[in-house]
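Chains as they are written, first to last, in our numbering: chain A, -7 to 162; chain B, 33 to 582; chain C, 4 to 98.
All C-beta atoms in this analysis are idealised placements derived from N, C-alpha and C, irrespective of residue type, glycine included.
Here the structure is a predicted model, which is why all the values come from computation and not from measurement.
Each remark here refers to the structure printed beneath this line.
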Amino acid sequence: MLLDRNGSFRPDPWRHLADDEVPASGEAVTITFKRWQAEPEHWVDRTGPLGLRLPNDVPPASFGPAATRFALIVLNFPRFIDGRAYTQARLLRGRFGFKGELRAGGNVLRDQLLFMVRCGFDSFEVDAERARAEDWPQAFREFDQFYQPAADHRETILRQRLRGWQAAAE
Amino acid sequence: MYRYDEFDRKFLEERVAQYRDQVRRRLAGQLSEDEFRSLRLMNGLYLQLHAYMLRISIPYGTLSSAQLRGLAHVARRWDKGYGHFTTRQNIQYHWIRLEDTPDILAHLATVQLHGIQTSGNSFRNITTDPFAGVAADEIEDPRPYGEIVRQWSALHPEFSFLPRKFKIVLNAASDDRAAVKIHDLGLNLRRNEKGELGFEVLVGGGLGRTPILAQTVRDFVPRREVLAYITACLRVYNQYGRRDNLFKSRVKILVQSLGIEKYRQEVEAEYAAMGAERDELDLPDDVVAAMQAQFAPPSYPDTNGDAELNQALAAEPDFARWVKYNVKPHKAVGHAIVVISLKQPGRITGDCSASQMELLAELADRLSFGEIRITHDQNMVLPHVRKAALYDLWLRLGAADLATPNIGLASDIICCPGMDYCSLATARSIPISHALATNLAKREEEIGPLQIKISGCINACGHHHVGHIGILGLEKNGAESYQITIGGSDNAQAALGGIVGPAVPAHEVAATVDRLIDTYLRFRRPGEQFPDTYRRVGLAPFKEALYVAR
Amino acid sequence: MSDPVFKLVTGNRLHDGKVIYFAGAGIWTPTIAEARLVEERDSAALLAEAQAGPPPHPAVAPTLIETTRDGERVVPVTLRERIRAGGPTITYSGG
């Protein structure tokens, strides 16, 4: 089950292919990074949305330029304390201009959701029962002001202060 | 001093509400300890031997009197009437109940204090020179930059799950009173040849199992680029720092394994690629100026005070002794910096009772423009005292056991809580500190400046690697065993100490330290402090003195 | 002849962090003399019993430790556990 950044739950419409599985034409599928690296040309012309599952130790710089080919990129948090995917997300969104859906998979927990949204994630693989029971969507609303710029382009506290000072000066 | 605006206050309120809910979910069984541990650590809450321990951040070691009263209130109401100041300019409470922590943090939020990121694998407290803003040898006050970095680093979404903790220090003085080289990232404020302000950026310092001194990544980063540059340094660490081994995951290990050249290349490459993000992180002059206005020096009265002071010095030798060691020159005429010793022999290093805190808050209001500092040596500072008021201050401090004239001397020991309190410890440290302080107090003036640092385990919270004499408490065959190093230093000539002999049991530590000091006294030339003599004569005479004694 | 060594289970109480010992039958006590002592061969079962129960578990990180018995007194083998049982060896003396 997926949780979206807007707080709604929905089933996952994508099929996540094992390396030896073949997709149906037009089907929305994700493939592993390994598979894509082995045969990138094979996937270029297919019909149907294509997604990629990127391991968290792939440097964004090495993958980034190719990111725009995918409609979905799934990043991984093998344990929630392993924060490499935050940097991957930030750079895929910012530096490499990825406009598709950015999804967090793996050990995704309620108290990291807001950090993830700020780094550019759109959707999250969650245990729906737990997520509903513990009101995970509320986590997106726990803060509404932030000090530092991030991938969500929210106006920082500093910028708001600057506007306030300018207004006061006028 | 920085005063919170509505944004800062709201942020803290939201944080307290978030944490309160996390505690509720933990106590209700919705969060496992594994899931909760990271969350509570990100608010400074540890579970120690006897109770929970709460660590509260004191950004760059500066407190207002209102904040100090707030800390005293926490000690009285929710702890056992005291707090413990640490080697990172924080305060810890050692007898905390989990169920009280949301209320404690709510109370501290009313005085702009919190436990955010005092633990966990993210940015820790931003530390600096305890004499910031009042020392004659600084370029300018580093604390406005400290506050800028603190805000930038607060709940940073990309860097909240680093491989390990990340400690940032700032210094703007020619002396190093902040132990810059033992931090993950150091910012030395300086001017380039054109006189422009910027920072030397050092990365990769740290103690613990593998002590390493930080190295310079860039000699000069223009001031307005510093947040962007730090981001590049962090990003390289977040991606490439080791996550497979807890003891190898600090940035110092990454810098060591890549080599400084390669680490620098990675940082510069990342920095060059940042593009528009650099603009987002730009720190223009007007923003810095606005922050500096918050730290504007007080309006010092026109005063001299020398006559009163000299009279008291002549009349009272005890006062004169206290002035000699505990009072430092101030950049404003007629004023002085007063170091408050929390090291009376017999007390626990760094501990301060609620009553003492309240007294210090009152004295800060009357005599120091409402400001007080914490040093990384676990002492406190009243940074703006008129010379004419020093005698009265000494009397008030003396009545509260806060005027021991030992700053920089042998009984001014840095000591972690050790195995009496800490679940990481392998040996007790406090009894060793007591034994040494009591033993050495009698001759500490004759010895002169001497920095003894004691850690109760290899994590080195007592900074033993950089003590003139460092003591590390280990365990050997079920008994406490103390390894002694000498020749360390945490100032501008930072150095790591060398092991001087086999580890000794607790009852031999004082005598062993005595022999090392005797050796120093025997060999020293006029003006040499312990590390100078050590560098000149080497380890051999010290080793021999211990060997002969055995 | 060395004292016989037993095992018991200790942890910290969830809501206040206090040192507690497993007394068996779902009971946790701050008094070490009330702890359930077993021989080595039964220690794994004791730990499992101590860890059982629905969340929230009253003890954080239940762990087996070694102790000896000195008459009525239960004396942990390691100094660390003796300090946990008896409190800090030097306490803050007020001021």
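Check	Outcome
Three-pair Cβ contact test at 8 Å for the segment 8 to 24 of chain C versus the segment 61 to 72 of chain C	yes
Nearest neighbour of B/Ile479, chosen from B/Leu548, B/Val532 and B/Trp127 [CA to CA]	B/Leu548
Which of helix, strand or coil DSSP assigns to B/Val371	strand
Residues of the segment 77 to 91 of chain C with Cβ closer than 8 Å to any Cβ of chain B, in chain order	Val80, Thr81, Leu82, Arg83, Ile86, Arg87, Gly90 and Pro91
Close Cβ partners of B/Ala296 (< 6 Å) along its chain, the five nearest in sequence each way excluded	The question names Ala, but residue 296 of chain B in the sequence shown is Arg. Excluding positions up to five away in sequence, the list reads Val249.
Residue-level contact to chain C via CB, B/Gly494, 9 Å cutoff	no
Residue-chain proximity (B/Thr565, chain C), Cβ-Cβ < 9 Å	no
Beta bridge counterpart(s) of B/Cys493 as assigned by DSSP	B/Cys493 is not bridged to any residue.
4 or more residues per run - each alpha helix (DSSP H) lying fully within the segment 227 to 282 of chain B	258 to 272
Local Cβ density within 10 Å of B/His416, reported as buried at 16 or more and exposed below that	buried
Closest by C-alpha distance to B/Ala581, when choosing among B/Val541, B/Arg557, B/Ile501 and B/Ile490	B/Val541
Under 7 Å by beta carbon: chain B residues contacting A/Thr79	Glu190, Arg267, Asn270 and Gln271
CA-to-CA distance, A/Arg76 to A/Glu33, given in whole angstroms	28 Å
Nearest-angstrom Cα separation, counted from A/Gly97 out to B/Gly505	43 Å
B/Phe43, enclosing beta strand (DSSP E) - first and last residue	Where B/Phe43 is concerned, there is no enclosing beta strand (DSSP E), although the alpha helix (DSSP H) it sits in stretches over Glu38 to Leu59.
Beta carbon proximity, B/Ile380 to chain C, threshold 9 Å	yes
Closer than 9 Å to chain B by CB, A/Trp219	In the structure as shown, chain A begins at -7 and stops at 162. Residue 219 of chain A is therefore absent and cannot be evaluated.
Candidates B/His367, B/Ala352, B/Lys363 and B/Leu239: closest to B/Ala205 by CA position	B/Lys363
Cβ distance (whole Å) where A/Arg27 is taken to contact A/Asp4 below 8 Å	So it is not a contact: roughly 19 Å between Cβ atoms.
Listed by chain order, chain B residues near C/Ile68 by CB distance under 8 Å	In chain order: nothing, as chain B lies at least about 13 Å away.
Buried versus exposed, by CB contacts within 10 Å (16 or more), A/Asp103	buried
Below-9 Å beta-carbon distance, A/Phe166 vs any chain B residue	Examination of residue 166 of chain A is not possible in this model, given that chain A is present from -7 through 162 alone.
Proximity below 9 Å, CB of B/Gly520 to CB of B/Gly499	yes
Under the three-state DSSP convention, the category A/Trp6 falls into	coil
Endpoints, alpha helix (DSSP H) assigned at A/Met(-7)	A/Met(-7) -> no alpha helix (DSSP H), and no H or E assigned at all.
According to DSSP, residues forming a beta bridge with B/His146	Beta-bridge pairing links B/His146 to no other residue.
CB contact below 9 Å: B/Tyr453 versus chain C	yes
B/Asn75 vs B/Ile128 beta-carbon contact at 9 Å	no
Top-ranked residue by Cα proximity to B/Tyr51, from B/Arg108, B/Asp132, B/Gly115 and B/Thr263	B/Asp132
Residues that B/His466 contacts on chain C, provided the C-beta gap is smaller than 9 Å	Ile93
Residues that C/Trp31 bridges to, as DSSP identifies them	C/Phe25
Given A/Leu(-6) as reference, the closest of A/Thr79, A/Val118 and A/Arg124 once Cα atoms are compared	A/Val118
Beta carbon proximity, C/Gly29 to chain B, threshold 9 Å	no
Neighbourhood of B/Leu482 by C-beta, 6 Å cutoff - its chain only, sequence neighbours within 5 removed	Ala442, His500 and Phe562
Reduced DSSP category for B/Gln525 - H, G, I as helix; E, B as strand; rest coil	coil
Any chain C beta carbon closer than 9 Å to B/His82	yes
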